[in-house]
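Everything below concerns the one structure shown next.
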Amino acid sequence: MVDFKEPRELIPLLPAARDMLASEAHRLHHAAWHDVRGQWQDLSDGKRNAIRHLGWQPGHGIERPALSRGSPIVDNGSGEDFLFMHRQMIGAVRALYDQAGETPIASWRAIPAPGGPQDDGFEIPPNWSQPDEPTRRRLEALKSDTFFWTAMRGWDRQFKNAAYLSGLSLGALGSILEFTVHNDMHMRWSSAPRDPASGDVVPDGRSATDFDPRWSHPGYDFLGEFYSSHVNPVFWRLHGWVDDRIDDWFAAHEAAHPVDVERTTIDGIDWFKPGRWVSSQEPWASPKAPADSTHHGHHGHSPSGPHAHLDPEEMKKVISILYADEGPKLLALNRSLRAPPRATWFLEG
Ligand SMILES: [Cu+2]
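Right, dumping it as structure tokens:
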């Protein structure tokens, strides 16, 4: 286990893709997007208003939080946002591979079973010591062979099962996928987070509000937090697996009740029209360019495209608001009370 090789050494991303994904703007977008929809429902009115003012309410005009007190919200279309936003990310990476004449990254067709080849980049990284014993034990379980055979193999089958999929709305599919197999795949394939400057293990990971430039090093590709997970080559295999379930879902609906779900394209992404099984006309992947964009000089000169208006300083503000202390009364409810603020999937509920 001492010789564990990181996926970035075995199955590196195309350098152009790695560098785009490791940029501060992409890290901040992925972190702000996940965190704001994950925490929205439990934020104070003051924080919500401050974030709205920056254009970052999840769901454009309609509030679409993903969680309520730690429980996934399956019926508000937030799961559609999850699937759409990641499909957009996959499209952006695929475009760079196409430009370079390289074969795009292949999805996992099935979640890899333990004991496979040691050089395919999919070996399970060893656990690391944690000050928080429940977290250490949870990771120990997620990384075990038993967990694969008792949970992951079953999910792999269930989310391909047409009878199951044909009864789910697209939002329910996204939400259930995200907060079961997706989160657990992230943690199962996580390696000990390391400070990119010193190389030392930081058991708790980066603090959520630490925007020091050293965390933008392409080697900071910890799968367990939103600021870094998408820089890890495994991210693209596991999110490819998640994305392929959308196609299974569509095929299942088409077979069970043709014409109920209709295809469309949104911002160049293959998607579905709102209807009985699809709730959102406008999945939320990022804020829209502000209506008064001529007011801010830096917006006017940006290139076009879905992320053209993402401003790193504004995204830092959004994240800082999310994790700001609000005084002793609210601290009692604040899960960051016992630990430094960290934006990882370690935190449950
Ligand atoms: Cu993500």
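For the sequence shown, this note's numbering puts the final residue at 359, and the numbers step up evenly by one. Here a beta-carbon is modelled for each residue, glycine too, at the ideal position from N, C-alpha and C.
Residue i, buried or exposed, once every other Cβ within 10 Å from all chains shown has been counted against 16
i	result
Asn242	buried
Ser201	buried
Pro360	In the structure as shown, the chain begins at 11 and stops at 359. Residue 360 is therefore absent and cannot be evaluated.
His63	exposed
Pro25	exposed
Ser239	buried
Glu336	exposed
Val364	The structure shown does not extend to residue 364, since the chain is modelled only from 11 to 359, so the question has no answer here.
Ala27	buried
Glu133	buried
Gly71	exposed
Phe377	Nothing can be reported for residue 377: it is not among the residues displayed for the chain, which extend from 11 to 359.
Trp159	exposed
Asn59	exposed
Asp194	buried
Gln291	exposed
Asp13	exposed
Arg79	exposed
Ser81	exposed
Glu235	buried
Ala32	buried
Lys15	exposed
Gln128	exposed
Trp257	Sequence inspection shows Asp at residue 257; the Trp mentioned does not correspond to that position. Flag for Asp257 reads exposed.
Cβ distance (whole Å) where residue i is taken to contact residue j below 8 Å
i	j	result
Asn86	Arg74	5 Å
Pro203	Gly215	4 Å
Val328	Ala76	Incorrect: roughly 16 Å between the Cβ atoms, too far for contact.
Tyr333	Thr219	5 Å
Leu183	Arg255	7 Å
Arg247	Ile100	Actually they are not in contact, since the Cβ atoms of Arg247 and Ile100 sit about 11 Å apart, beyond 8 Å.
Trp251	Trp118	4 Å
Leu20	Gly131	4 Å
His95	Ile121	As written in the sequence, residue 95 is Met, which differs from the His given in the question. About 21 Å; that fails the 8 Å criterion.
Check: residue i C-beta below 8 Å from any heavy atom of ligand 1
i	result
Ser88	no
Met95	yes
His70	no
His63	no
Ser239	yes
His40	yes
Phe236	yes
His44	yes
Ranges of the beta strand (DSSP E) found wholly within the region 225 to 296, counting only runs of at least 3
273 to 276, 279 to 282
- request: Determine contact between the region 43 to 55 and the region 258 to 272, defined as no fewer than three beta-carbon pairs at a distance below 8 Å.
  value: no
key: Touch test, the region 179 to 193 against the region 223 to 240, Cβ-Cβ under 8 Å, three pairs minimum   = no
message = Three Cβ pairs or more, each shorter than 8 Å: is that satisfied between the region 157 to 172 and the region 249 to 262?
response = yes
Using 8 Å as the cut-off, can you tell me whether the region 33 to 43 makes contact with the region 104 to 113, which would need three or more C-beta pairs spanning the two stretches below that distance? no
Ranges of the beta strand (DSSP E) found wholly within the region 97 to 178, counting only runs of at least 3: none
- request: Taking 8 Å as the threshold, find out whether the region 290 to 297 comes into contact with the region 77 to 96 through three or more Cβ pairs.
  value: yes
Q) Is the region 151 to 166 in contact with the region 272 to 281, if contact means three or more CB pairs nearer than 8 Å? A) no
Contact between the region 281 to 289 and the region 141 to 150 is defined here as three or more beta-carbon pairs at a separation below 8 Å; is this criterion met?
no
What residue ranges within the region 37 to 101 form continuous beta strand (DSSP E) runs of no fewer than 3 residues, ordered along the chain?
none
Q. Which whole runs of the beta strand (DSSP E) in the region 182 to 229 are 3 residues long or more, in chain order?
A. none
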